[in-house]
Amino acid sequence: EPEVTQTPSHQVTQMGQEVILRCVPISNHLYFYWYRQILGQKVEFLVSFYNNEISEKSEIFDDQFSVERPDGSNFTLKIRSTKLEDSAMYFCASSEVGQGAYGYTFGSGTRLTVV
Amino acid sequence: SQKIEQNSEALNIQEGKTATLTCNYTNYSPAYLQWYRQDPGRGPVFLLLIRENEKEKRKERLKVTFDTTLKQSLFHITASQPADSATYLCAYDLTGGGNKLTFGTGTQLKVEL
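Each protein sequence line maps, in turn, to chains A and B.
FYI, in our numbering the residues of the first sequence are 57 to 171.
FYI, in our numbering the residues of the second sequence are 41 to 153.
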């Protein structure tokens, strides 16, 4: 079964530092997403990405966040200057088609801890 | 504002029984609803999707119904097993474009021997 791979599984960073979370989506998927889940809370949408550009983003996804697909396989989320409240699980997801017609495949997540 | 609500109380049932989980939404009528399973510390795993013109969808021991009049989806697991213990999330796309899922808080299911 194809998987979405995320690295690292756990990252600890100091407040104010930049972090890059990495994802390798499923190879024939065209739509990519980042979600986050603060401990004990809902899974929240951050951003969707298609055809090398952002298609939608939430109010959480402010100027401190950026996404990139630097090559044909990786999809990254950068947080420029981390805050304590950025501590959460970050999930990458991908889908073959848009409109979630066949559901999304999520990775296992990166647990980000900002200290 | 649009909301998607799941019973936040955990559901404990005995092995072999049918588990029924509820997802209610307000205002906006989604074109489809998705159901996911989430284990602790893991990402959501897609289970089923049901469209607004479908009353029911089945996959092995899983069944989902969608009642657009009641604004409700029910998720059933028949012949439940301890391995079914997890948190189950419903989700839909408010924009209709399918690129921005809004998740419910999830219902934790525990299947006991």
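All C-beta atoms, glycine included, are put in the ideal place defined by N, C-alpha and C.
A quick note: this is a predicted structure, and the numbers were derived from the prediction, not measured.
Neighbour flag for residue i against chain A, beta carbons, 9 Å
i: B/Gln78; result: yes
i: B/Tyr82; result: Note on identity: in this sequence residue 82 of chain B is Arg, with Tyr being the wrong assignment. With 9 Å as the cut-off, B/Arg82 counts as an interface residue toward chain A.
i: B/Leu23; result: Because residue 23 of chain B is not part of the residues shown, which for chain B are 41 to 153, the question remains open.
i: B/Gln74; result: yes
Below-9 Å beta-carbon distance, residue i vs any chain B residue
i: A/Arg167; result: yes
i: A/Ser150; result: no
i: A/Glu112; result: yes
i: A/Gln121; result: In the sequence on display, residue 121 of chain A carries Phe and not Gln. For A/Phe121, the answer is no, since every Cβ of chain B falls outside 9 Å of its Cβ.
i: A/Val60; result: yes
i: A/Thr161; result: yes
i: A/Ser83; result: no
i: A/Ser137; result: no
i: A/Ser164; result: yes
i: A/Phe147; result: yes
Sequence-distant residues of its chain with Cβ nearer than 7 Å to residue i (five each side left out)
i: A/Thr138; result: Thr69, Met71, Gly72, Gln73, Val75, Val170
i: B/Gln54; result: Glu152
Neighbourhood of residue i by C-beta distance below 8 Å, restricted to the same chain and skipping five residues each side
i: B/Ala50; result: Thr147, Gln148, Leu149, Lys150
Nearest-angstrom Cβ-Cβ length linking residue i and residue j, presumed shorter than 8 Å
i: B/Arg101; j: B/Ala119; result: 6 Å
i: B/Val104; j: B/Leu129; result: At roughly 13 Å, the Cβ-Cβ gap does not stay under 8 Å, so B/Val104 and B/Leu129 are not in contact.
i: A/Ile7; j: A/Thr166; result: As shown, chain A starts at 57 and ends at 171. That puts residue 7 of chain A outside it, with no answer to give.
Point to revise | Three-pair Cβ contact test at 8 Å for the region 110-122 of chain B versus the region 145-153 of chain A | key: In short, these stretches do not touch, since the Cβ pair count stays below three.
Practice item. Name, going along the chain, the residues of the region 96-107 of chain A whose beta-carbon falls closer than 7 Å to a beta-carbon of chain B. Key: Cβ proximity to chain B below 7 Å picks out Lys98, Val99, Phe101, Ser104 from the region 96-107 of chain A.
Check your understanding: Between the region 124-150 of chain B and chain A, which residues of the former have CB atoms less than 9 Å from a CB of the latter, in chain order?
Key -> Of all residues in the region 124-150 of chain B, only Leu129, Ala131, Tyr132, Asp133, Thr135, Gly136, Gly137, Gly138, Asn139, Lys140, Leu141, Thr142, Phe143, Gly144, Thr145, Gly146 place a beta-carbon less than 9 Å from a beta-carbon of chain A.
Review point. Can you find at least 3 beta carbon pairs, one from the region 125-139 of chain A and one from the region 97-113 of chain A, that sit closer than 8 Å?
Key: Three or more Cβ pairs closer than 8 Å define a contact, and the region 125-139 of chain A meets that threshold against the region 97-113 of chain A.
Check your understanding: Taking one C-beta from the region 55-65 of chain B and one from the region 77-95 of chain A each time, how about it: are there three or more such pairs within less than 8 Å?
Key -> The region 77-95 of chain A and the region 55-65 of chain B do not touch, with fewer than three beta-carbon pairs separated by less than 8 Å.
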